[in-house]
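Colleague: There's a structure below that I have some questions on.
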Amino acid sequence: AISREQLGKALGLANASPDPFGATQSDALATAFKLIVQHSQNWHSYPDETAQHALHRAISKLFNAQEARQRLHFPSAEALRLDAQGELQRSAERFKNFLPLRLQNQPRWLVAGALAGALGCATLATLTNPAVLAALPLWSLLGGALAALGINWTPATAPTQQLDFFEPVSAAALFALVLSLQGREETAITHILDQTLDTSTPELPDAQAVQAWLTTVEARLEQALAKDTA
Numbered sequence: 098a099i100s101r102e103q104l105g106k107a108l109g110l111a112n113a114s115p116d117p118f119g120a121t122q123s124d125a126l127a128t129a130f131k132l133i134v135q136h137s138q139n140w141h142s143y144p145d146e147t148a149q150h151a152l153h154r155a156i157s158k159l160f161n162a163q164e165a166r167q168r169l170h171f172p173s174a175e176a177l178r179l180d181a182q183g184e185l186q187r188s189a190e191r192f193k194n195f196l197p198l199r200l201q202n203q204p205r206w207l208v209a210g211a212l213a214g215a216l217g218c219a220t221l222a223t224l225t226n227p228a229v230l231a232a233l234p235l236w237s238l239l240g241g242a243l244a245a246l247g248i249n250w251t252p253a254t255a256p257t258q259q260l261d262f263f264e265p266v267s268a269a270a271l272f273a274l275v276l277s278l279q280g281r282e283e284t285a286i287t288h289i290l291d292q293t294l295d296t297s298t299p300e301l302p303d304a305q306a307v308q309a310w311l312t313t314v315e316a317r318l319e320q321a322l323a324k325d326t327a
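Residue numbers (our numbering): 98 to 327.
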């Protein structure tokens, strides 16, 4: 494993100023993964749109949200208000395309990528204007955005279904990973994700499983960045 300082250099931030929250990009990513675990501890059923948005919002505050919104071509709050369905769909497709093709061919990863984009769009667009998001039917808009891309998504909400947080957890992790890699070309981001994420979709029924999976992802990211800067 490489050190946190080396990870920061690999992310291209050796001389970067800390963000307003006082963390480097690499520290922010580690904190984001901890937040995912913490939030999952409070999920006693499949997280609804409020719970998933709360997690994405907490993650976005660790990074330079305004810069990330512009780099990712996410809309303003007003643009989102005027065409919420279209903006969420475009953002879902954009994040889906960050995934390497082998992951796009995996249905659950496809859902995760699209969710990361749609939720990330809604979060970053309304970070300073949450009233806009509060007025939107986010759950139905998310379903509509994914359906428009031909993605079949049925949240595991039935009481008889075993809890599995893979999609919301992997979507939040992907959102954090892409934010941490901003400043690189899109092809470079996809290349790093290709080395960081594998096609497995393990069941994540509780916070312990979530933490174990994220620890593996972080270790693979460090290896990918070490190769990238060798």
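For every residue, glycine included, the Cβ atom is placed at its ideal position computed from N, Cα and C.
Going by DSSP, what residue range makes up the alpha helix (DSSP H) through Val289?
Modeller: Taking the first residue of the sequence shown as 1, we reach residue 289 at position 192. The question names Val, yet the displayed sequence has Ile at residue 289. First-last of the alpha helix (DSSP H) with Ile289: Glu283 to Thr293.
Colleague: Just to confirm the assignment, what range does the alpha helix (DSSP H) spanning Ala243 have?
Modeller: Walking along the sequence shown from the start, residue 243 turns up at place 146. A small fix is needed here, since residue 243 is Leu in this sequence, not Ala. Leu235 to Ala245 is the extent of the alpha helix (DSSP H) around Leu243.
Colleague: Go ahead and label Leu185 buried or exposed: buried means 16 or more other beta carbons lie within 10 angstroms of its beta carbon, across all protein chains shown.
Modeller: Here residue 185 corresponds to residue number 88 of the sequence shown, with the count starting at 1. The residue in question, Leu185, is buried, as its Cβ has 16 or more Cβ neighbours within 10 Å.
Colleague: Rounded C-beta distance between Leu224 and Glu146? I'm assuming under 8 Å.
Modeller: Position 127 of the sequence shown, counting from 1, holds the residue named residue 224. Position 49 of the sequence shown, counting from 1, holds the residue named residue 146. Not confirmed; about 16 Å, so no contact.
Colleague: So what does DSSP say about Gly203, is it helix, strand or coil?
Modeller: For the purposes of this step, residue 203 is taken as the residue at position 106 of the sequence shown. The question names Gly, but residue 203 in the sequence shown is Gln. Coil, per DSSP.
Colleague: Drop a sphere of 10 angstroms on the beta-carbon of Pro265, count the other beta-carbons inside from all chains shown, and report buried for 16 or more, exposed for fewer.
Modeller: Position 168 of the sequence shown, counting from 1, holds the residue named residue 265. Result: buried.
Colleague: Nearest to Phe272 by CA position, among Ala215, Glu175 and Ala174, is which residue?
Modeller: If you number the sequence shown from 1, residue 272 lands on position 175. For Phe272, the nearest C-alpha among the options comes from Ala215.
Colleague: Going by DSSP in three states, Glu315 sits in which element: helix, strand or coil?
Modeller: Your numbering for residue 315 matches position 218 in the sequence shown. Helix at Glu315.
Colleague: DSSP has Gln75 in a bridge; who is on the other side?
Modeller: Outside the modelled stretch of the chain, which goes from 98 to 327, sits residue 75, for which no answer is possible.
Colleague: How long is the line joining the alpha carbons of Ser157 and Glu190, rounded to whole angstroms?
Modeller: The residue given as residue 157 occupies position 60 in the sequence shown. The residue given as residue 190 occupies position 93 in the sequence shown. Approximately 19 Å, taken between the alpha carbons.
Colleague: Our contact map puts Ser193 next to Gln201 with C-beta atoms below 8 Å; I'd like the distance itself, whole angstroms only.
Modeller: Taking the first residue of the sequence shown as 1, we reach residue 193 at position 96. Taking the first residue of the sequence shown as 1, we reach residue 201 at position 104. Ser is not the amino acid found at residue 193; the sequence shown has Lys there. The Cβ separation is near 6 Å, so the contact holds.
Colleague: Closest to Leu221 by CA distance: which of Arg205, Ala151 and Trp250 is it?
Modeller: Here the question's residue 221 lines up with position 124 in the sequence shown. The shortest Cα separation from Leu221 among Arg205, Ala151 and Trp250 belongs to Ala151.
Colleague: In this structure, does DSSP put Ala232 in helix, strand or coil?
Modeller: On the sequence shown, position 135 is the one that residue 232 refers to. Residue state, collapsed to three classes: coil.
Colleague: Would you kindly work out how many angstroms separate the C-alpha atoms of Gln182 and Trp206, rounded to a whole number?
Modeller: Taking the sequence shown and counting its residues from 1, one reaches residue 182 at position 85. Taking the sequence shown and counting its residues from 1, one reaches residue 206 at position 109. Roughly 21 Å between the two C-alpha positions.
Colleague: Give the single residue among Ala316, Ser297, Thr128 and Ser188 whose Cα lies nearest to the Cα of Gly241.
Modeller: Locating residue 241 in the sequence shown gives position 144, counting from the first residue. Considering only alpha carbons, the answer is Ser188.
Colleague: How big is the Cα-Cα spacing for Leu246 and His288?
Modeller: Position 149 of the sequence shown, counted from the first residue, corresponds to residue 246. Position 191 of the sequence shown, counted from the first residue, corresponds to residue 288. Rounded to the nearest angstrom, the two C-alpha atoms are 23 Å apart.
Colleague: Report the rounded CA-to-CA distance for Ala269 versus Cys218, giving the unit in angstroms.
Modeller: As a first step, residue 269 must be located in the sequence shown, where it is residue number 172. As a first step, residue 218 must be located in the sequence shown, where it is residue number 121. Near 12 Å, if we compare the C-alpha coordinates of Cys218 and Ala269.
Colleague: Less than 8 Å between the CB atoms is what I'm expecting for Ala155 and Leu132, so what's the real figure, rounded?
Modeller: Taking the first residue of the sequence shown as 1, we reach residue 155 at position 58. Taking the first residue of the sequence shown as 1, we reach residue 132 at position 35. The pair is a contact, with the Cβ atoms about 5 Å apart (cut-off 8 Å).
Colleague: Taking the Cβ atom as the reference point for each residue, do Ala261 and Leu196 lie within a distance shorter than 8 Å?
Modeller: Taking the sequence shown and counting its residues from 1, the one referred to as residue 261 is at position 164. Taking the sequence shown and counting its residues from 1, the one referred to as residue 196 is at position 99. One detail in the question is off: residue 261 reads as Asp in this sequence, not Ala. No.
Colleague: What residues in its chain sit with their C-beta under 6 Å from that of Gln292, if we drop five residues either side in the sequence?
Modeller: As a first step, residue 292 is located in the sequence shown; it is residue number 195 there, counting from the start. Cβ within range, chain order: Ala321.
Colleague: In three-state DSSP terms, what is Trp310?
Modeller: Here residue 310 is taken as the residue at index 213 of the sequence shown, counted from 1. Trp310 falls in the helix class under three-state DSSP.
Colleague: Can you say whether Gln138 is buried or exposed, counting buried as having 16 or more other CB atoms within 10 angstroms of its CB?
Modeller: Locating residue 138 in the sequence shown gives position 41, where the first residue counts as 1. Its Cβ having fewer than 16 others within 10 Å, Gln138 is exposed.
Colleague: For chain E, is any of its Cβ atoms less than 8 Å away from the one on Thr225?
Modeller: Here chain E cannot be found, since the structure has a single protein chain.
Colleague: Excluding the 5 residues preceding and the 5 following Ser149 in the sequence, name in chain order all residues of the same chain whose CB lies nearer than 7 Å to its CB.
Modeller: Numbered from 1 along the sequence shown, position 52 holds the residue referred to as residue 149. The displayed chain sequence assigns Gln, not Ser, to residue 149. The answer, listed in chain order, is Leu216 and Pro265.
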